[in-house]
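Below is one structure, written out as structure tokens; comments come after it.
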Amino acid sequence: ERLCKIGCTDGLPVVPPTRGRVAAMLRGTALQASEVLGRCPPSYADVRVESLAIAAVMAGCTPEMFRIVIAATRAMLHPDFGIHGVNATTMGATPVVVVNGPCRIAAGVNFKHAPCGSGSRSTSIGRALKLLLQNVGRAKLGGTESTTIGSPMKFGMCFGEWEERSGMWQPLALEHGGIARDQDAVTVIAATSGPVQFVDFNSTPKQLLERLSEHMASAYAPQMPLVNYCLLVVSPEHYDTLVKAGMDSKEQLAAALWKKSAKHVIRHLPAVFRLLGTKYPKVPGLLFSILGHLVKLVARVCSLFGIPFTAIPKFSSPASIKIVVAGGEAGKFSSFMPSFGVGPPGAPSANMSRPISEVVEPRPATLDANSSLTAAEQANAGDIFDPTARAEG
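Mapped onto our numbering, the consecutive letters of the sequence shown carry residue numbers 56 to 448.
Spelled out as structure tokens, the structure:
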């Protein structure tokens, strides 16, 4: 109650960050408590390992999870991720953490039933990042966090990729970050909405691709082309359907969805060009309207002759579609989450956030040895840390 009253929680109950609990959390890393991981906007205060341990305790993480939290924090604070814009936008964007490697098992990260939902402690990892933003970065709702509607994802989201179930498909950390398959790693991607669920019943592989691409064409906004990134969570049943049809890699699936989703933008092209007209007030708006209808006509002619029209695609490139396999064995459901950024390179709205992959540090020996608190730690074990404490300077 005290932590809630002083504005240090996310509205849900937290675990009080006593010195004993924080000391136990710090055993989950070989890093020193005083080591600085980066600077957290909007205050740009230094993020010390100890500060992050406090957030991890409050979020309900275990010491086994802490090295994953550290890697996810490094990724979130990377300049290319753009966490200040992600957290501040009215769109309600938030970091989503995807975990690869053996640490998924050791830390109990969920990648089977309801990986994007409740029922496991995985969410604690994502929640630790949000509490860090709030208490160290000083991102306050209604202040520097201006979300209009919001979503439950804003509490935090983290899940694993079911690598053992995805056969030949490369793990996300390898496909995006070039990190070896057997290496513990995280990929943090911003999501502005979702997970948007796609429901399928008895489709053939061809029908599945058509319907999924049509569904994904609504990402960000139906009339908005050149979405920079999108996270697609493919269920095991859909994975089986696609692989049996010869879809041997994520790259193949992404290329097919990129091409097929482009045709669903065609009917919105006049609206796209009218929107462009508002960005260039010195150019007559009628010109943009005429151009929109001309391009739509060209696209229709192309489709009549079976020529894919990808001049103005829904997604920037096939590589824009980031794919993971996760979920329960039963059920023809997959989901997608559009990221934060749209438009061609150089546009003000383009690439406002890029997915970032980070290696997770090796499991420290301190998790197994010296698990009991020292005499000094025991003496102050019940004292509660101030979650908003900043690093000196």
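Heads up, the beta-carbon is just placed ideally off N, CA and C, and yes, glycines get one too.
Contact belief for residue i with residue j at Cβ below 8 Å, rounded distance in angstroms
i      : j      : result
ARG94  : ALA85  : Not quite, the Cβ-Cβ distance comes to about 22 Å (not below 8 Å), so this is no contact.
PRO150 : VAL243 : 5 Å
ALA246 : MET392 : 4 Å
ALA111 : VAL124 : 5 Å
ALA161 : ARG418 : 7 Å
GLY215 : ARG176 : Not quite, the Cβ-Cβ distance comes to about 12 Å (not below 8 Å), so this is no contact.
Residue environment, residue i, which counts as buried when at least 16 other CB atoms sit within 10 Å
i      : result
PRO368 : buried
ALA276 : exposed
ARG129 : buried
PHE256 : exposed
PRO134 : exposed
GLN262 : exposed
PRO442 : buried
GLN252 : exposed
GLY42  : Examination of residue 42 is not possible in this model, given that the chain is present from 56 through 448 alone.
ALA385 : exposed
GLU218 : buried
GLU56  : exposed
THR178 : buried
CYS59  : exposed
HIS232 : The residue asked about is misnamed: residue 232 is Gly in this sequence, not His. That one is buried.
ILE321 : buried
Own chain partners of residue i with C-beta closer than 8 Å, once the 5 adjacent residues on each side are dropped
i      : result
GLY383 : LYS167, HIS168, ALA169, SER290 and PRO291
GLY448 : In this prediction, GLY448 has a pLDDT of 38, which is less than 50 and means its spatial position is unreliable; what the coordinates show is noted afterwards. Correct list, in chain order: ASP101.
GLN225 : ARG236, SER304 and LYS305
TRP313 : THR365, PRO368, LYS369, PHE370, SER372, PRO373, SER375 and ILE376
Closest by C-alpha distance to residue i, when choosing among the options
i      : options                           : result
VAL288 : ASP438, VAL152 and CYS116         : VAL152
ALA402 : PRO280, SER175, ALA385 and GLY198 : PRO280
GLY163 : VAL91, PRO417, SER390 and CYS213  : CYS213
VAL379 : ALA88, CYS285 and ALA405          : CYS285
PHE121 : ALA88, ASP438, ALA405 and GLY249  : ALA88
VAL282 : ILE123, ARG409, ALA108 and ALA79  : ARG409
SER375 : ALA310, THR178 and GLY205         : ALA310
PRO260 : GLN225, GLY249, SER173 and ALA300 : ALA300
PHE278 : SER316, THR144, GLU200 and ASP65  : It is Gln, not Phe, that sits at residue 278 in the sequence shown. Taking only the C-alpha atoms, the option nearest GLN278 is SER316.
ALA143 : ALA127, LYS185 and GLY398         : LYS185
SER221 : GLN238, VAL415 and ASP295         : ASP295
LEU449 : LEU81, SER201 and THR203          : Residue coverage of the chain in this structure runs from 56 to 448, which leaves residue 449 outside it and unanswerable.
PHE388 : CYS63, ARG418 and SER258          : SER258
CYS63  : SER404, SER177, LYS195 and THR202 : LYS195
ALA381 : LYS209, THR202, ASN165 and LEU132 : ASN165
MET131 : LEU187, ALA274 and VAL69          : LEU187
MET407 : CYS158, VAL69 and GLY398          : GLY398
VAL415 : PHE136, ARG76, ALA405 and GLN238  : GLN238
GLY75  : LEU267, LEU58, CYS59 and MET113   : MET113
THR203 : MET146, HIS293 and GLN189         : MET146
THR199 : ARG159, GLN189 and ILE61          : GLN189
Residues near residue i by beta carbon distance below 6 Å, same chain, minus five either side
i      : result
ALA228 : ASN155, ILE234, ALA240, THR242 and SER412
SER106 : VAL191
ASP303 : MET223
HIS319 : GLU269 and ALA272
VAL250 : For clarity, residue 250 is Pro in the given sequence; the question names Val instead. Around PRO250: CYS171, SER390 and MET392.
TYR98  : In the sequence under discussion, the amino acid at residue 98 is Ser, which differs from the Tyr named in the question. Contacts found: GLY192 and ARG193.
GLU265 : none
ALA148 : VAL141, ALA245, THR247 and PHE395
VAL104 : LEU86, ALA88 and GLU90
GLY181 : VAL152, GLY211, MET212 and CYS213
PHE136 : SER408 and ILE411
Residue i CB to nearest heavy atom of the ligand PLP below 7 Å
i     : result
ALA85 : For the ligand PLP, the structure offers nothing, since it holds no ligand at all.
Own chain residues within Cβ distance below 7 Å of residue i, not counting five before or after
i      : result
PRO96  : ILE138, HIS139 and GLY192
LEU308 : LEU297, MET302 and ILE378
GLU230 : LYS305
ILE439 : PRO71, PRO72 and THR73
Give the list of continuous beta strand (DSSP E) stretches no shorter than 3 residues that lie fully inside the stretch 248-327. Segments of the beta strand (DSSP E) lying fully in the stretch 248-327: 251-254 and 285-289.
Restricting to runs no shorter than 3 residues, where is the beta strand (DSSP E) found entirely within the stretch 361-416? Runs found: 376-380, 388-393 and 411-414.
Runs of 4 residues minimum, wholly inside the stretch 56-111: which ones carry the alpha helix (DSSP H) assignment? Runs of the alpha helix (DSSP H) inside the stretch 56-111: 57-60 and 74-81.
What ranges does the alpha helix (DSSP H) occupy inside the stretch 130-186, keeping only unbroken runs of at least 4 residues that lie completely in it? 138-143 and 158-162
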